[in-house]
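K.L.:
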Amino acid sequence: MAAVWRPEQRHRRLINPHPLPTAWVTVGPPIGDHWSNVRSDGDPTPLNLDGCLDLKRTDALHKVLTDERLRGRVVILGAPGAGKTALLLRETLRLLQAREPGDRVPVLLRLSTWNPDEQNLAEWITNQIADEYAYSTPISTDRLLPLLDGLDEIPAPSRERALQAISNTFDPDHPLVLTSRSDEYLDSLAALPGTALAGAAVLQLTDVPADIVIGFLQRATGRVDWAQVFDRDITHHGGRLAVALTEPLWIDLARIAFTDPNQPDNQPADLLDLPDTDTIHTYLLDRLIVSAYPDPPEPSPTGHTWRRADAERYLRNLARHMQRLNTEDFAWWELALTVSFNARLAHALLAGLMGGSMVGLTVGLTVGLLAGEFMFGVVAGLVAGFMGWLALAIVFSRIAWRLAPTRGQIRWRRSVQPLIRRLNSRLAVGLMSWLAVGLIFLLGVGLAAERRDPFFVLLYALWLALWFAFWLAVQLTAEFTTFFDNSDADILAANPLGLLRNDRRRTMVTASAFGLAVGLAVGLTVGLAFGIGDGLRIGLAYGLTFGIANGITGGIAFALTASSWGWLQYARLWWCSRDDLPWPLMTFLADAHRRGLLRQTGGTFQFRHALLRDRLAR
Numbered sequence: 001m002a003a004v005w006r007p008e009q010r011h012r013r014l015i016n017p018h019p020l021p022t023a024w025v026t027v028g029p030p031i032g033d034h035w036s037n038v039r040s041d042g043d044p045t046p047l048n049l050d051g052c053l054d055l056k057r058t059d060a061l062h063k064v065l066t067d068e069r070l071r072g073r074v075v076i077l078g079a080p081g082a083g084k085t086a087l088l089l090r091e092t093l094r095l096l097q098a099r100e101p102g103d104r105v106p107v108l109l110r111l112s113t114w115n116p117d118e119q120n121l122a123e124w125i126t127n128q129i130a131d132e133y134a135y136s137t138p139i140s141t142d143r144l145l146p147l148l149d150g151l152d153e154i155p156a157p158s159r160e161r162a163l164q165a166i167s168n169t170f171d172p173d174h175p176l177v178l179t180s181r182s183d184e185y186l187d188s189l190a191a192l193p194g195t196a197l198a199g200a201a202v203l204q205l206t207d208v209p210a211d212i213v214i215g216f217l218q219r220a221t222g223r224v225d226w227a228q229v230f231d232r233d234i235t236h237h238g239g240r241l242a243v244a245l246t247e248p249l250w251i252d253l254a255r256i257a258f259t260d261p262n263q264p265d266n267q268p269a270d271l272l273d274l275p276d277t278d279t280i281h282t283y284l285l286d287r288l289i290v291s292a293y294p295d296p297p298e299p300s301p302t303g304h305t306w307r308r309a310d311a312e313r314y315l316r317n318l319a320r321h322m323q324r325l326n327t328e329d330f331a332w333w334e335l336a337l338t339v340s341f342n343a344r345l346a347h348a349l350l351a352g353l354m355g356g357s358m359v360g361l362t363v364g365l366t367v368g369l370l371a372g373e374f375m376f377g378v379v380a381g382l383v384a385g386f387m388g389w390l391a392l393a394i395v396f397s398r399i400a401w402r403l404a405p406t407r408g409q410i411r412w413r414r415s416v417q418p419l420i421r422r423l424n425s426r427l428a429v430g431l432m433s434w435l436a437v438g439l440i441f442l443l444g445v446g447l448a449a450e451r452r453d454p455f456f457v458l459l460y461a462l463w464l465a466l467w468f469a470f471w472l473a474v475q476l477t478a479e480f481t482t483f484f485d486n487s488d489a490d491i492l493a494a495n496p497l498g499l500l501r502n503d504r505r506r507t508m509v510t511a512s513a514f515g516l517a518v519g520l521a522v523g524l525t526v527g528l529a530f531g532i533g534d535g536l537r538i539g540l541a542y543g544l545t546f547g548i549a550n551g552i553t554g555g556i557a558f559a560l561t562a563s564s565w566g567w568l569q570y571a572r573l574w575w576c577s578r579d580d581l582p583w584p585l586m587t588f589l590a591d592a593h594r595r596g597l598l599r600q601t602g603g604t605f606q607f608r609h610a611l612l613r614d615r616l617a618r
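For the sequence shown, full-length UniProt numbering puts the final residue at 618, and the numbers step up evenly by one.
(1) Nearest CA to the CA of residue 173: which residue from 502, 39 and 513?
(2) Identify every run of the beta strand (DSSP E) within the UniProt domain "NACHT" (74-187), keeping only runs that are complete inside it and at least 3 residues long; order them along the chain.
(3) Does residue 267 pass the burial test, meaning 16 or more other C-beta atoms within 10 Å, or should it be called exposed?
(4) With DSSP run on the structure shown, which of helix, strand or coil describes residue 588?
(5) Does residue 597 come out as helix, strand or coil in the three-state DSSP assignment?
(6) Between 246, 272 and 315, which has its C-alpha nearest residue 580's C-alpha?
(7) Applying the criterion that 16 or more other CB atoms from any shown protein chain within 10 Å of the CB defines a buried residue, is residue 495 buried or exposed?
(8) Specify, as a first and last residue, the run of the beta strand (DSSP E) that residue 24 falls within.
(9) Look up residue 204 in the DSSP assignment and give the residues it is bridged to.
(10) To the nearest angstrom, how far is the alpha carbon of residue 335 from that of residue 92?
(11) Please go through the same chain and pick out, in chain order, the residues whose beta-carbon is closer than 6 Å to the beta-carbon of residue 154, but skip the five residues on each side of it.
(12) Suppose contacts are defined by Cβ-Cβ distances below 8 Å. Is residue 633 in contact with residue 611 by that definition?
(13) Following the continuous alpha helix (DSSP H) through residue 215, name the residue where it begins and the one where it ends.
(14) For the region 105-121 against the region 143-160, do three or more pairs of beta-carbon atoms, one drawn from each stretch, fall closer than 8 Å, so that the two count as touching?
(15) With DSSP as the reference, label residue 505 as helix, strand or coil.
(16) Determine which residues share a DSSP beta bridge with residue 324 and list them.
(17) What's the C-alpha gap between residue 604 and residue 498?
(18) Name the residue from 204, 291, 317 and 106 whose alpha carbon lies nearest to the alpha carbon of residue 582.
(19) May I ask you to verify whether the region 97-110 touches the region 226-237, counting CB pairs closer than 8 Å and requiring at least 3?
(20) Below 8 Å, can you find three or more Cβ-Cβ pairs linking the region 175-189 to the region 116-130?
(21) In the DSSP assignment, find the unbroken alpha helix (DSSP H) run with residue 230 in it and report its ends.
(22) If you follow the alpha helix (DSSP H) that residue 606 is part of, which residue opens it and which one closes it?
(23) Hey, residue 37 and residue 198: beta-carbon distance below 8 Å or not?
(24) Take residue 202 and list the residues in its own chain whose beta-carbon comes closer than 6 Å to its own, dropping the five residues that flank it on each side.
(25) Leaving out five residues before and five after residue 311 in sequence, what residues of the same chain have Cβ atoms less than 7 Å from its Cβ?
(26) Among the residues of its own chain, which have a CB less than 6 Å from the CB of residue 145, if the five just before and after it don't count?
(27) Comparing alpha-carbon positions, which option in 200, 138, 245 and 601 lies nearest residue 213?
(28) Where does residue 314 fall in DSSP's three states?
(29) Sort 576, 254 and 82 by Cα distance to residue 283 and report the nearest one.
(30) Run the CB neighbour count on residue 64, radius 10 Å, all protein chains shown included, and call it buried at 16 or more, exposed below.
(31) Suppose you measure from the CA of residue 57 to the CA of residue 19; what does that come to, to the nearest Å?
(32) Using only the alpha-carbon positions, how far apart do residue 257 and residue 77 sit?
(33) What residue range is occupied by the uninterrupted beta strand (DSSP E) comprising residue 51?
(34) Quick check: what's the CA-CA separation for residue 181 versus residue 589?
(35) Going by beta carbon distance, what residues of the same chain come within less than 7 Å of residue 598, once the five residues before and after it are set aside?
(36) Rounded to whole angstroms, how far is the Cβ of residue 564 from the Cβ of residue 333, which I believe are closer than 8 Å?
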């Protein structure tokens with residue numbers, strides 16, 4: 001857990017040079033539970049949990065969460081930009097640092113990925129730990145201290161059920177932390193009978209006092225004129241700047257805007273010329289892009305140089321894509337969602353044409369040479385082969401781009417599971433596909449010829465034999481992938497680039513195995529066909545020729561259509577052809593993450609804040 005979030009804390013600059021100041025007040029009933037339920041000793045006397053996290057009180061929230069007078073259950077409410085997520089990330093690392101052997105494991109989870117109508121909370125937590133932390137070993141929720149971020153990101157119709165599920169899944173004495181925007185939490189609370197989260201203390205994030213903001217900005221920016229700027233703001237502008245800089249998000253953006261070495265002439269007093277708080281916020285969001293991409297551009301550690309105008313255009317297109325999907329998460333394997341069905345079908349048809357032409361040509365040439373009907377064999381084989389692969393292409397164009405990337409590492413299992421049990425479960429599907437392909441072949445050959453003679457029977461028999469061998473190759477390839485070990489955690493795989501590398505590596509291995517299996521199946525079938533009539537040597541020669549050709553094309557077709565990595569290549573080409581995103585997409589996103597514009601949560605990227613996404617999407 002710490003290996004995932006410590007670099008993220010550094011990239012988000014949450015301690016740069018000091019923790020972002022955050023303040024809160026205690027909220028009692030009816031928003032919070034009765035104090036006799038909140039307190040571990042049952043005493044109904046209210047507790048004052050008010051606090052402020054700043055340079056002098058870096059462990060203020062930790063003291064609340066570990067207060068022995070409480071049950072360890074805390075709800076943190078706040079407005080957008082109030083610092084809920086940053087506060088939770090810091091506290092996750094603090095709890096991990098203080099954890100003793102045998103203590104519950106703190107785990108930070110984003111509720112935006114949970115649909116309580118389709119999945120119970122315990123199952124979702126297990127899946128999220130596997131997805132975001134690459135830890136696939138089942139773990140009991142009793143051993144976890146869940147820190148659940150963003151109840152408000154669950155759609156309104158399901159939010160009340162989510163609150164009930166959280167309350168019902170864990171015992172009242174089970175510690176947990178939940179964050180939400182205030183209005184959304186209160187709306188959900190009003191729709192539920194009783195208290196939403198039994199035994200939980202509620203903290204409301206509030207405006208950071210002006211003296212703490214001034215002290216932080218003076219230390220962070222190295223400028224001593226912030227106090228004078230705030231005084232002028234109160235005297236001449238009614239304190240609108242002070243109001244605009246009361247939340248951690250805007251305080252942090254002000255720090256970034258006025259520590260930009262490429263804009264040394266920027267002065268905090270410039271903020272006084274802006275007419276209202278909304279304009280100040282917009283200015284600070286825009287300055288974030290300017291600070292991240294200086295002009296002239298500086299090369300990134302990977303050697304790429306991103307001009308500000310290009311980077312801003314790419315980020316705008318990305319923000320609009322995410323806004324259309326109504327999500328804060330950018331998952332690279334879902335980029336094909338933006339490509340039209342017709343374009344996806346064309347991509348699948350191209351791969352299908354490769355496989356269909358080779359398989360059809362193999363059958364047609366083989367039977368044509370054996371029976372002396374060369375041209376008819378070629379035409380019939382091509383038509384039947386293309387129609388068979390056409391059906392597969394349509395299926396892949398519908399579902400293949402939805403495949404999630406591979407998260408496990410490629411390591412051989414220590415023991416081989418029995419093959420018979422799994423192959424039997426696939427036998428019925430294989431026989432059905434065999435019959436379906438036979439019917440497709442009959443239709444395809446019927447389009448190529450009007451006659452019915454022994455040659456047709458030979459062609460039909462060889463086609464069915466070849467398809468059976470092909471199906472067997474597919475099943476053996478599928479069985480081959482079950483030998484990979486997914487049980488060991490690999491933190492490097494719990495990030496977008498790690499997921500992409502893993503999926504690409506496994507795709508290449510599986511595609512190679514698929515191509516080899518198809519090549520052997522086709523080669524043996526064709527070799528036997530020629531060997532019976534013309535001898536073993538000729539059969540071996542033809543079998544090797546056709547086997548290698550079909551193996552290569554089959555492997556390429558598999559890699560392009562049956563993997564997340566393959567569909568990403570096509571989606572990148574689609575976006576890049578319109579200059580909407582760069583070809584080295586993942587390199588660009590990783591660099592934007594390094595510059596502090598994106599944040600990384602498990603295997604996905606997010607904008608630094610939803611407000612930045614919305615600003616760019618306009």
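Just so it is clear, CB atoms sit at the ideal spot from N, CA and C, and this is done for glycine as well.
P.N.:
In this structure, then:
(1) Position 173 of the sequence shown, counted from the start, is the residue given in the question as residue 173. Of the listed residues, the one whose Cα sits closest to residue 173 is 39.
(2) 105-110, 144-149 and 176-181
(3) The sequence position of residue 267 within the sequence shown is 267, counting from 1. Residue 267 is exposed by the Cβ-count criterion.
(4) In the sequence shown, residue 588 corresponds to position 588, counting from 1. Three-state result, residue 588: helix.
(5) Along the sequence shown, read from residue 1 onward, the residue named residue 597 stands at position 597. In the structure shown, residue 597 sits in coil (DSSP, three-state: anything other than H, G, I, E or B).
(6) Position 580 of the sequence shown, counting from 1, holds the residue named residue 580. Here the closest residue by C-alpha is 315.
(7) The residue you call residue 495 lines up with position 495 of the sequence shown. The residue is buried, with at least 16 neighbouring Cβ atoms inside 10 Å.
(8) As a working note, residue 24 is residue 24 in the sequence shown. Residues 22-27.
(9) Translated into positions along the sequence shown, residue 204 becomes position 204. The partner list for residue 204 (beta bridge, DSSP) reads 25 and 77.
(10) As a position in the sequence shown, residue 335 is number 335, starting the count at 1. As a position in the sequence shown, residue 92 is number 92, starting the count at 1. Whole-angstrom Cα-Cα distance: 31 Å.
(11) Here residue 154 refers to the residue found at position 154 of the sequence shown. Closer than 6 Å at the Cβ level, and outside the excluded window around residue 154, lie 111 and 162.
(12) For the chain, the structure presents residues 1 to 618; residue 633 sits outside this window and is missing.
(13) Taking the sequence shown and counting its residues from 1, the one referred to as residue 215 is at position 215. It spans 210-221 - the alpha helix (DSSP H) in which residue 215 sits, taken as one unbroken run.
(14) yes
(15) Taking the sequence shown and counting its residues from 1, one reaches residue 505 at position 505. In this structure, residue 505 counts as helix in the three-state DSSP scheme.
(16) Sequence index remark: in the sequence shown, residue 324 carries index 324 (1-based). Note: residue 324 sits in no beta bridge, so no partner.
(17) Here residue 604 is taken as the residue at index 604 of the sequence shown, counted from 1. Here residue 498 is taken as the residue at index 498 of the sequence shown, counted from 1. Residue 604 and residue 498: Cα-Cα distance of roughly 11 Å.
(18) Mapped onto the sequence shown, residue 582 falls at position 582. Closest option to residue 582, Cα to Cα, is 317.
(19) no
(20) no
(21) Numbered from 1 along the sequence shown, position 230 holds the residue referred to as residue 230. Run containing residue 230: 226-237, per the alpha helix (DSSP H) assignment.
(22) Residue numbering aside, residue 606 sits at position 606 when the sequence shown is read from its first letter. Here residue 606 belongs to no alpha helix (DSSP H); instead the beta strand (DSSP E) covers 604-607.
(23) Here residue 37 corresponds to residue number 37 of the sequence shown, with the count starting at 1. Here residue 198 corresponds to residue number 198 of the sequence shown, with the count starting at 1. Yes, the pair counts as a contact, with Cβ atoms nearer than the cut-off.
(24) Counting from 1 along the sequence shown, the entry for residue 202 is found at position 202. Excluding residues within five positions, the ones whose Cβ falls inside 6 Å are 27, 31, 32 and 75.
(25) Locating residue 311 in the sequence shown gives position 311, where the first residue counts as 1. Taken in chain order, the residues that qualify are 293.
(26) For the purposes of this step, residue 145 is taken as the residue at position 145 of the sequence shown. These residues qualify, in order along the chain: 104, 106 and 175.
(27) Counting from one through the sequence shown, the residue named residue 213 turns up at place 213. The residue with the shortest Cα to Cα distance from residue 213 is 245.
(28) The residue you call residue 314 lines up with position 314 of the sequence shown. Residue state, collapsed to three classes: helix.
(29) Within the sequence shown, numbered from 1, the residue matching residue 283 stands at position 283. The shortest C-alpha separation from residue 283 is found at 254.
(30) By one-based count along the sequence shown, residue 64 stands at place 64. Per the 10 Å Cβ criterion, buried.
(31) As a working mapping, residue 57 is identified with position 57 in the sequence shown. As a working mapping, residue 19 is identified with position 19 in the sequence shown. Whole-angstrom Cα-Cα distance: 10 Å.
(32) Stepping through the sequence shown from its first residue, residue 257 is reached at position 257. Stepping through the sequence shown from its first residue, residue 77 is reached at position 77. Answer to the nearest angstrom: the Cα atoms are 27 Å apart.
(33) Along the sequence shown, one-based indexing puts residue 51 at 51. Note, residue 51: beta strand (DSSP E), 51-53.
(34) What you label residue 181 is simply residue 181 of the sequence shown in a count that begins at 1. What you label residue 589 is simply residue 589 of the sequence shown in a count that begins at 1. Those two C-alpha atoms are separated by around 28 Å.
(35) Locating residue 598 in the sequence shown gives position 598, counting from the first residue. Only 589, 592, 605, 606, 607 and 608 meet the Cβ criterion.
(36) Start at 1 with the first residue of the sequence shown, and residue 564 comes out as number 564. Start at 1 with the first residue of the sequence shown, and residue 333 comes out as number 333. Right, the Cβ-Cβ distance comes to about 4 Å (below 8 Å), so this counts as a contact.
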